[in-house]
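Step one of this worksheet: look at the structure below.
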Amino acid sequence: MIPEPQTTAPAPDISFPVETALDDLLTPEMRTSLLPKRPTEALPYYVDTSPFDENAVRELAAQVAAREARRIAELERKAEEERLRKEAEAKRIAEQKRKEEEAKRQAEAERKQKEEAERKKAEEERQRKEAEAKRLAEEQRKAEEAKQVAEKQPEPTPAPTPEPEAQPAQKEDEQTQVALAPVPAPATRKPSPPVTRPGARLETDPAVLADPKAAKALEQFKHFALEWIAKNNRTYVKGTRDNIKVTEQGGMYVAQYMTSEPSSLETLVKPSEYDHTPFIGVMRYEEKLYRAEGATPEAAKSGTFEEIDSTRITEIFRYAKNKWQY
């Protein structure tokens with residue numbers, strides 16, 4: 450009986466792809482046993498005809514697998530660190546953006562609050578000025594009414610001269626004697642004294658000037674009034690001959706200019722009932738219109754100007770914070 454040939458089981462396939470270089474698998478002893486190589490020459494290899502050592506192969510494969518696992522773990526660790534870093538960076542950027550948005554909202558809220566406070570303050574100031582203007586207008590109206598009442602007071606009329614009573618009829622001889630007697634001259638009536646109208650000129654009550662503060666305020670008001678007239682001449686009426694207006698009327702040229710007259714200034718200071726405005730000042734002056742004529746504009750400008758019109762102006766000011774204000 451012929452025995453059947455024994456067949457050995459095929460060796461398991463333990464090969465697997467790796468990314469490890471051949472140089473990483475050689476030990477220092479194995480490197481020294483190799484023939485020297487040139488820089489561009491690959492490692493020499495040869496077919497080993499020695500008996501196959503399965504354990505050595507398994508050990509080598511395990512080393513390669515462990516090294517590859519460590520490499521992959523290192524890559525995963527670095528990837529995880531990068532992910533965590535990016536996540537932390539995204540959180541930081543989001544937090545910074547949130548803080549910036551919060552700062553913007555807070556700044557906007559503060560700006561709106563400040564604008565609202567300024568608006569309320571401006572509204573209160575406007576209402577205060579309106580109330581002050583109404584009060585001053587009321588005082589001016591009362592002063593004008595008092596002035597008009599004073600100017601409208603009638604002059605005293607003289608008492609009528611009593612006529613002589615009729616005498617009863619006398620006898621004819623007595624009538625003859627009366628007819629022959631000289632006729633006396635009629636009595637001459639004395640002229641009535643001129644009427645003085647109160648309030649015609651602005652004057653501060655001497656009782657008010659007993660207060661040193663009022664006296665100081667009046668002195669300041671006089672200087673203020675003169676400066677006000679000078680400013681009025683510069684800006685409003687431009688009351689100088691440098692601002693003459695020339696027009697043609699009926700074949701002639703007429704030159705005119707207006708000026709606020711400082712010599713006509715009258716001032717009055719009286720106490721007020723308000724603590725923030727202790728005194729009220731009233732000033733009165735005249736705006737005069739002057740006119741000259743000529744055959745040419747130059748002749749009209751260089752002619753002799755005569756006053757043709759005058760207007761009395763009354764203005765009221767208040768004394769606050771130790772100075773006069775409009």
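When you line the sequence shown up against our numbering, it's residues 450 to 775, in that order. The beta-carbon is built from N, C-alpha and C at its ideal position, and this holds for glycine as well.
- Straight across, the Cα-Cα distance linking Arg526 with Ala518 is about 12 Å.
- For the set Phe754, Leu675, Tyr706, Glu478, the Cα lying nearest the Cα of Glu764 is the one of Leu675.
- Here Tyr734 is not near Ile757, since their CB atoms are 8 Å or more apart.
- Straight-line measurement puts the Cα of Leu667 at about 26 Å from the Cα of Lys737.
- Residue pairing by DSSP leaves Phe673 without any beta bridge partner.
- Under the DSSP assignment, Glu755 falls in the beta strand (DSSP E) whose first and last residues are 755 to 769.
- Note on Tyr706: 16 or more other CB atoms within 10 angstroms of its CB, so buried under the neighbour-count rule.
- A straight-line Cα-Cα distance of about 31 Å links Ala511 and Arg532.
- Three or more Cβ pairs drawn from the region 689 to 703 and the region 738 to 752 lie within less than 8 Å of each other, which places the two stretches in contact.
- Spatial neighbours of Ile678 in its own chain (CB-CB distance under 7 Å, excluding positions within 5 residues in sequence) are listed in chain order as Ser709, Pro711, Leu714, Tyr734.
- DSSP places Leu714 in the uninterrupted beta strand (DSSP E) bounded by 701 to 720.
- At a Cβ-Cβ threshold of 8 Å, Tyr768 and Pro727 count as neighbours.
- By the C-beta density criterion, Thr760 is exposed, having fewer than 16 other C-beta atoms within 10 angstroms.
- Note on Ala663: 16 or more other CB atoms within 10 angstroms of its CB, so buried under the neighbour-count rule.
- Burial is judged here by how many other beta carbons sit within 10 angstroms of a residue's own beta carbon; Val718 has at least 16 and is buried.
- The three-state secondary structure of Ile693, taken from DSSP, is coil.
- In the displayed model, Arg733 falls within a strand according to three-state DSSP.
- In the DSSP assignment, Glu747 falls within the unbroken alpha helix (DSSP H) covering 746 to 750.
- For Ala656, the uninterrupted alpha helix (DSSP H) run begins and ends at 655 to 658, by DSSP.
- Straight-line measurement puts the Cα of Ala582 at about 22 Å from the Cα of Thr653.
- Rounded to the nearest whole angstrom, the CA to CA distance from Glu593 to Leu585 is 12 Å.
- When DSSP states are grouped into helix, strand and coil, Glu742 belongs to the strand group.
- The beta carbon of Arg541 is closer than 8 Å to none in its chain, skipping five residues each way along the sequence.
- The shortest C-alpha to C-alpha distance from Lys770 to any of Gln669, Arg560, Asn692, Gln698 is the one to Gln669.
- Here Val506 is exposed. Its C-beta has fewer than 16 other C-beta atoms within 10 Å.
- Taking the C-beta atoms as reference points, Lys671 is found nearer than 8 Å to Thr716.
- Counting of Cβ neighbours within 10 angstroms places Ile729 among the buried residues, the total reaching 16 or more.
- In this model, Gln589 and Val731 are separated by some 9 Å (Cα to Cα).
- CA-to-CA, the gap between Pro655 and Ala571 works out to about 40 Å.
- Around the C-beta of Asn504, fewer than 16 other C-beta atoms lie within 10 Å, and the residue is accordingly described as exposed.
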